[in-house]
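Below is one structure, written out as structure tokens, with a few remarks after it.
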Amino acid sequence: SQTIHQWPATLVQPVGSPLSLECTVEGTSNPNLYWYRQAAGRGLQLLFYSIGIDQISSEVPQNLSASRPQDRQFILSSKKLLLSDSGFYLCAWSVQRGGSTDTQYFGPGTRLTVL
Amino acid sequence: AQSVTQPDIHITVSEGASLELRCNYSYGATPYLFWYVQSPGQGLQLLLKYFSGDTLVQGIKGFEAEFKRSQSSFNLRKPSVHWSDAAEYFCAVGAPVNTGTASKLTFGTGTRLQVTL
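Read top to bottom, the protein sequences are chains A and B.
All residue numbers for the first sequence refer to this note's numbering, where the first residue is 1 and numbers rise by one.
All residue numbers for the second sequence refer to this note's numbering, where the first residue is 1001 and numbers rise by one.
Right, dumping it as structure tokens:
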């Protein structure tokens, strides 16, 4: 069966510091991978998605970047955090299959607080 | 572009009572529809999904949802709520994509369910 991991689970960082959040998927190959942010009291905002290694699409211009150095690894980064980067970050994966929309399965999330 | 509206931000029901959470979508063709549940501090768990076929979909934890094309709705229901159902519920809509692209979901803003004993 497939599992998705995220770490760290929680993170408190000062403004201006760098960020690296990691997401890995087990039990599947060549998944689509996604990064979402969930601000307090709001829905999910899609930040990035990837259909393959080094193939990243950005949905929202922002202070963040994403990379996919391996097939099942997805990393969310920032060089300098802003207060507005605080939130709950969720990674998700789906099967790659054309002609349909596939179910997205979510990781446990990372709570980021920027002070 | 697709969109989802969950008109109820917060709902309170008594344990044992029935539940209906509303979801309205906007999409030009037959949508792919999902309901997810999120407990505090946790990720999202898939409750059920509708791709095609029978418009009444059964999910986990005793939930069901009915796709009504004429009303552009996909409401979530449960006949008897348990205290453990207290959580936030998200409706999402997706569109078919071509091979080599990623399917993207549009989420509603969620409905927070509180269950009183």
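Where a beta carbon is used, it is the ideal one built from N, C-alpha and C, also for glycine.
In the structure shown, what three-state DSSP assignment does residue i receive?
{"i": "A/ILE75", "result": "strand"}
{"i": "A/ARG68", "result": "strand"}
{"i": "B/GLY1062", "result": "helix"}
{"i": "A/LEU115", "result": "coil"}
{"i": "B/ARG1069", "result": "helix"}
{"i": "A/LEU81", "result": "coil"}
{"i": "A/VAL60", "result": "coil"}
{"i": "B/ARG1077", "result": "strand"}
{"i": "A/PHE106", "result": "strand"}
{"i": "B/ILE1009", "result": "coil"}
Please report the Cβ distance between residue i and residue j, rounded to the nearest whole angstrom; I am assuming they are in contact, meaning their Cβ atoms lie under 8 angstroms.
{"i": "A/GLY27", "j": "A/GLN62", "result": "Not a contact, Cβ separation roughly 31 angstroms."}
{"i": "A/PHE74", "j": "A/CYS23", "result": "4 angstroms"}
{"i": "B/PHE1090", "j": "B/TYR1025", "result": "Rounded, the Cβ-Cβ distance is 13 angstroms, inconsistent with contact."}
{"i": "A/LEU81", "j": "A/GLY16", "result": "7 angstroms"}
{"i": "A/ASN30", "j": "A/GLN96", "result": "6 angstroms"}
Are the CB atoms of residue i and residue j nearer to each other than 8 angstroms?
{"i": "B/GLY1094", "j": "B/THR1005", "result": "no"}
{"i": "B/GLU1066", "j": "B/GLN1058", "result": "no"}
{"i": "B/LEU1113", "j": "B/ASP1085", "result": "yes"}
{"i": "A/VAL60", "j": "A/SER86", "result": "no"}
{"i": "B/LEU1110", "j": "A/GLY43", "result": "Before going on, a small fix: residue 1110 of chain B reads as Gly here, not Leu. In this structure, A/GLY43 lies closer than 8 angstroms to B/GLY1110 by Cβ."}
{"i": "A/ILE53", "j": "A/ALA66", "result": "no"}
{"i": "B/GLU1015", "j": "B/LEU1117", "result": "yes"}
{"i": "A/LEU21", "j": "A/GLN6", "result": "yes"}
{"i": "B/SER1103", "j": "A/ASN32", "result": "yes"}
{"i": "B/GLN1038", "j": "B/GLU1088", "result": "yes"}
{"i": "A/GLN45", "j": "A/LEU112", "result": "no"}
{"i": "B/VAL1097", "j": "B/ALA1017", "result": "no"}
Which residues mark the beginning and the end of the beta strand (DSSP E) in which residue i is found?
{"i": "B/GLY1016", "result": "From DSSP, B/GLY1016 is part of no beta strand (DSSP E); its letter is neither H nor E."}
{"i": "A/TRP35", "result": "32 to 38"}
{"i": "B/ASN1024", "result": "1024 to 1026"}
{"i": "B/GLN1042", "result": "It is not in any beta strand (DSSP E) - B/GLN1042 carries neither H nor E in the DSSP assignment."}
{"i": "B/THR1116", "result": "1111 to 1116"}
{"i": "A/VAL95", "result": "No beta strand (DSSP E) holds A/VAL95; DSSP gives it neither H nor E."}
{"i": "B/THR1005", "result": "1003 to 1005"}
{"i": "B/PHE1051", "result": "Where B/PHE1051 is concerned, there is no enclosing beta strand (DSSP E), given that its DSSP letter is neither H nor E."}
{"i": "A/GLY52", "result": "44 to 52"}
For chain E, find out if any of its Cβ atoms is closer than 8 angstroms to the Cβ of residue i; answer yes or no.
{"i": "B/ALA1102", "result": "In the structure shown, chain E does not exist; the protein chains are A and B."}
Using only the heavy atoms of the ligand SAM, determine whether one of them is closer than 7 angstroms to the beta carbon of residue i.
{"i": "A/ILE75", "result": "The ligand SAM is not part of the structure shown, which contains no ligands of any sort."}
If you scan the stretch 1079 to 1107 of chain B from start to end, which runs of the beta strand (DSSP E) of 3 or more residues do you find wholly inside it? Scanning the stretch 1079 to 1107 of chain B for uninterrupted beta strand (DSSP E) segments of 3 residues or longer gives 1087 to 1094, 1105 to 1107, listed from N- to C-terminal end.
Would you list, in sequence order, the uninterrupted alpha helix (DSSP H) runs of no fewer than 4 residues that lie entirely inside the stretch 3 to 35 of chain A? Correct list: empty.
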